[in-house]
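Residue numbers (UniProt numbering): 1 to 209. All C-beta atoms in this analysis are idealised placements derived from N, C-alpha and C, irrespective of residue type, glycine included. Here the structure is laid out as C-alpha coordinates; the discussion comes afterwards.
Rendered as C-alpha coordinates:
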(Lines of atoms letter the chains of each structure in order from A and count residues from 1; the text may use other names and numbers.)
(Lines give C-alpha, C1' and ligand atoms only; values in the text may rest on other atoms or scores of the structure.)
Protein backbone atom coordinates (compact mmCIF):
# COMPACT_ATOMS: atom_id res chain seq x y z
CA UNK A 1 0.00 0.00 0.00
CA UNK A 2 1.23 3.47 -0.89
CA UNK A 3 -0.15 6.48 0.98
CA UNK A 4 0.60 9.91 -0.50
CA UNK A 5 0.31 12.90 1.81
CA UNK A 6 0.68 16.40 0.41
CA UNK A 7 0.21 19.83 1.90
CA UNK A 8 1.78 23.21 2.60
CA UNK A 9 4.43 23.96 5.21
CA UNK A 10 3.51 23.16 8.84
CA UNK A 11 0.15 21.64 7.92
CA UNK A 12 1.01 18.54 9.96
CA UNK A 13 1.70 16.21 7.04
CA UNK A 14 5.07 15.05 8.40
CA UNK A 15 3.69 14.03 11.77
CA UNK A 16 0.72 12.42 10.06
CA UNK A 17 3.03 10.52 7.73
CA UNK A 18 5.07 9.10 10.59
CA UNK A 19 2.00 8.08 12.55
CA UNK A 20 0.27 6.42 9.61
CA UNK A 21 3.45 4.55 8.70
CA UNK A 22 3.73 3.23 12.25
CA UNK A 23 0.04 2.33 12.35
CA UNK A 24 0.13 0.32 9.13
CA UNK A 25 3.67 -1.07 9.40
CA UNK A 26 4.92 0.84 6.37
CA UNK A 27 8.13 2.74 5.71
CA UNK A 28 8.01 6.55 5.83
CA UNK A 29 9.75 9.19 3.74
CA UNK A 30 9.58 12.89 4.51
CA UNK A 31 10.47 14.10 1.02
CA UNK A 32 10.77 17.66 2.26
CA UNK A 33 13.96 16.62 4.06
CA UNK A 34 15.52 15.78 0.68
CA UNK A 35 15.01 19.34 -0.54
CA UNK A 36 16.08 20.75 2.81
CA UNK A 37 19.28 18.70 2.58
CA UNK A 38 19.97 20.12 -0.87
CA UNK A 39 19.37 23.64 0.42
CA UNK A 40 21.60 23.05 3.43
CA UNK A 41 24.40 21.75 1.22
CA UNK A 42 24.19 24.85 -0.98
CA UNK A 43 24.12 27.26 1.96
CA UNK A 44 26.90 25.42 3.82
CA UNK A 45 29.16 25.74 0.77
CA UNK A 46 28.69 29.50 0.89
CA UNK A 47 26.36 29.82 -2.08
CA UNK A 48 22.97 31.51 -2.40
CA UNK A 49 19.84 29.36 -2.45
CA UNK A 50 18.96 30.66 -5.92
CA UNK A 51 22.23 29.38 -7.41
CA UNK A 52 20.62 26.93 -9.80
CA UNK A 53 23.73 25.04 -10.91
CA UNK A 54 24.97 24.57 -7.34
CA UNK A 55 21.56 23.33 -6.23
CA UNK A 56 21.41 20.83 -9.10
CA UNK A 57 24.90 19.54 -8.28
CA UNK A 58 23.99 19.18 -4.60
CA UNK A 59 20.86 17.21 -5.51
CA UNK A 60 22.80 14.84 -7.74
CA UNK A 61 25.38 14.21 -4.99
CA UNK A 62 22.84 13.88 -2.17
CA UNK A 63 23.24 11.00 0.29
CA UNK A 64 19.77 10.43 1.84
CA UNK A 65 21.20 8.58 4.84
CA UNK A 66 22.13 10.23 8.10
CA UNK A 67 20.18 13.46 7.85
CA UNK A 68 20.32 15.72 10.92
CA UNK A 69 16.68 16.79 11.19
CA UNK A 70 17.39 19.44 13.82
CA UNK A 71 19.74 21.23 11.42
CA UNK A 72 17.57 20.72 8.34
CA UNK A 73 14.44 22.05 10.04
CA UNK A 74 15.80 25.50 10.81
CA UNK A 75 13.86 28.45 9.43
CA UNK A 76 16.69 29.50 7.12
CA UNK A 77 17.00 26.05 5.56
CA UNK A 78 13.22 25.80 5.21
CA UNK A 79 13.08 29.08 3.31
CA UNK A 80 16.00 28.04 1.10
CA UNK A 81 14.46 24.63 0.40
CA UNK A 82 11.41 26.32 -1.06
CA UNK A 83 13.75 28.12 -3.48
CA UNK A 84 15.82 25.12 -4.59
CA UNK A 85 12.75 22.89 -4.93
CA UNK A 86 11.47 25.10 -7.74
CA UNK A 87 14.41 24.13 -9.98
CA UNK A 88 13.46 21.36 -12.46
CA UNK A 89 17.01 19.95 -12.29
CA UNK A 90 16.74 19.47 -8.54
CA UNK A 91 13.35 17.78 -8.76
CA UNK A 92 14.55 15.51 -11.56
CA UNK A 93 17.59 14.43 -9.55
CA UNK A 94 15.42 13.36 -6.61
CA UNK A 95 12.54 11.89 -8.62
CA UNK A 96 13.85 8.33 -9.05
CA UNK A 97 14.85 7.94 -5.40
CA UNK A 98 11.35 8.84 -4.24
CA UNK A 99 9.64 6.51 -6.71
CA UNK A 100 11.95 3.62 -5.85
CA UNK A 101 11.35 4.14 -2.14
CA UNK A 102 7.60 3.97 -2.66
CA UNK A 103 7.79 0.87 -4.84
CA UNK A 104 9.61 -1.35 -2.34
CA UNK A 105 7.32 -3.87 -0.55
CA UNK A 106 5.26 -3.72 1.53
CA UNK A 107 4.69 -0.09 0.57
CA UNK A 108 5.28 3.29 2.11
CA UNK A 109 3.91 6.58 3.30
CA UNK A 110 5.44 9.57 1.55
CA UNK A 111 4.72 13.15 2.47
CA UNK A 112 5.60 16.24 0.48
CA UNK A 113 4.04 18.63 -2.00
CA UNK A 114 3.80 16.63 -5.23
CA UNK A 115 3.49 13.03 -4.07
CA UNK A 116 -0.07 12.41 -5.20
CA UNK A 117 0.29 14.43 -8.40
CA UNK A 118 3.81 13.62 -9.66
CA UNK A 119 5.78 11.09 -7.60
CA UNK A 120 3.04 8.52 -6.88
CA UNK A 121 -0.02 9.33 -8.99
CA UNK A 122 -0.95 5.64 -8.61
CA UNK A 123 -0.97 5.82 -4.79
CA UNK A 124 -3.67 3.75 -3.10
CA UNK A 125 -4.62 6.63 -0.81
CA UNK A 126 -4.03 10.35 -1.34
CA UNK A 127 -4.53 12.88 1.43
CA UNK A 128 -4.06 16.62 1.04
CA UNK A 129 -3.47 18.13 4.48
CA UNK A 130 -4.14 21.81 4.97
CA UNK A 131 -4.70 24.40 7.70
CA UNK A 132 -4.96 28.17 7.91
CA UNK A 133 -1.69 30.10 7.54
CA UNK A 134 -2.13 31.44 11.07
CA UNK A 135 -2.54 27.98 12.58
CA UNK A 136 0.46 26.66 10.68
CA UNK A 137 2.62 29.61 11.68
CA UNK A 138 1.70 29.13 15.32
CA UNK A 139 2.66 25.45 15.18
CA UNK A 140 5.99 26.20 13.56
CA UNK A 141 6.66 28.99 16.06
CA UNK A 142 6.01 26.53 18.92
CA UNK A 143 8.50 24.11 17.35
CA UNK A 144 11.15 26.82 17.12
CA UNK A 145 10.45 27.97 20.67
CA UNK A 146 10.77 24.42 22.00
CA UNK A 147 14.23 24.24 20.42
CA UNK A 148 15.19 27.57 21.97
CA UNK A 149 15.19 29.47 18.67
CA UNK A 150 14.16 33.13 19.16
CA UNK A 151 11.88 33.76 16.19
CA UNK A 152 8.90 36.13 16.20
CA UNK A 153 5.59 34.47 15.30
CA UNK A 154 4.84 37.28 12.82
CA UNK A 155 8.10 36.48 11.03
CA UNK A 156 7.15 32.81 10.84
CA UNK A 157 3.74 33.72 9.39
CA UNK A 158 5.36 35.92 6.74
CA UNK A 159 7.68 33.04 5.83
CA UNK A 160 4.73 30.64 5.61
CA UNK A 161 2.88 32.98 3.25
CA UNK A 162 5.96 33.40 1.03
CA UNK A 163 6.48 29.66 0.84
CA UNK A 164 2.82 29.03 0.03
CA UNK A 165 2.99 31.49 -2.86
CA UNK A 166 6.27 30.09 -4.16
CA UNK A 167 5.26 26.43 -3.81
CA UNK A 168 1.85 26.91 -5.42
CA UNK A 169 3.10 29.16 -8.21
CA UNK A 170 6.15 27.27 -9.44
CA UNK A 171 6.03 25.95 -12.99
CA UNK A 172 7.24 22.44 -12.14
CA UNK A 173 5.26 20.20 -9.77
CA UNK A 174 3.35 22.99 -8.00
CA UNK A 175 1.72 22.38 -4.65
CA UNK A 176 -1.87 21.33 -5.27
CA UNK A 177 -4.28 18.60 -4.30
CA UNK A 178 -4.58 15.67 -6.69
CA UNK A 179 -8.02 15.38 -8.26
CA UNK A 180 -8.68 12.18 -6.31
CA UNK A 181 -7.16 13.32 -3.00
CA UNK A 182 -9.08 13.57 0.26
CA UNK A 183 -8.69 17.06 1.75
CA UNK A 184 -8.05 17.04 5.50
CA UNK A 185 -8.20 20.46 7.20
CA UNK A 186 -6.30 20.30 10.49
CA UNK A 187 -6.83 23.92 11.55
CA UNK A 188 -9.01 22.90 14.49
CA UNK A 189 -7.56 19.42 15.03
CA UNK A 190 -4.85 18.29 17.43
CA UNK A 191 -2.45 15.53 16.42
CA UNK A 192 -4.55 12.65 17.73
CA UNK A 193 -7.71 13.91 16.05
CA UNK A 194 -5.87 14.44 12.76
CA UNK A 195 -4.40 10.93 12.86
CA UNK A 196 -7.81 9.42 13.66
CA UNK A 197 -9.39 11.32 10.74
CA UNK A 198 -6.66 10.14 8.38
CA UNK A 199 -7.08 6.52 9.44
CA UNK A 200 -10.78 6.78 8.67
CA UNK A 201 -9.91 8.00 5.16
CA UNK A 202 -7.42 5.16 4.63
CA UNK A 203 -9.82 2.52 5.90
CA UNK A 204 -12.61 3.85 3.70
CA UNK A 205 -10.35 3.51 0.68
CA UNK A 206 -9.20 0.00 1.68
CA UNK A 207 -12.78 -1.17 2.11
CA UNK A 208 -13.48 -0.23 -1.51
CA UNK A 209 -10.42 -2.06 -2.85
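Margin query: Looking at the secondary structure, which residues open and close the beta strand (DSSP E) in which residue 20 lies?
Written below: It is not in any beta strand (DSSP E) - residue 20 instead sits in the alpha helix (DSSP H) that spans 13-24.
Item checked: Cα-Cα separation between residue 105 and residue 177, rounded to whole angstroms -> Between residue 105 and residue 177, the C-alpha separation is close to 26 Å.
Item checked: Burial state of residue 99, where buried means 16 or more other Cβ atoms lie within 10 Å -> Answer is exposed; the Cβ neighbour count stays below 16.
Next item on the list: Check the Cβ-Cβ distances between residue 20 and every residue of chain B, and say whether any is below 7 Å.
Entry: Protein chain content of the structure displayed is limited to a single chain, and chain B is not contained in it.
Note to self: I need the DSSP call for residue 27, collapsed to helix, strand or coil.
What the structure shows: DSSP places residue 27 in strand when its eight states are reduced to three.
Check: Span of the beta strand (DSSP E) holding residue 128?
Finding: Taken as a continuous stretch (DSSP letters only), the beta strand (DSSP E) holding residue 128 covers 125-130.
Margin query: Within 10 Å of its beta-carbon, does residue 7 have 16 or more other beta-carbons around it, so buried, or fewer, so exposed?
Written below: Buried, by the Cβ-count rule.
Checklist line | Bridge-paired residues (DSSP) for residue 108 | finding: For residue 108, which the question treats as bridged, DSSP gives the partners 2, 27.
Check: Span of the alpha helix (DSSP H) holding residue 138?
Finding: That run of the alpha helix (DSSP H) goes 133-146.
Notebook entry, point to check: Going by beta carbon distance, what residues of the same chain come within less than 8 Å of residue 181, once the five residues before and after it are set aside?
Noted result: Counting only Cβ-Cβ distances below 8 Å, and skipping sequence neighbours, we find 4, 6, 116, 126, 127, 128.
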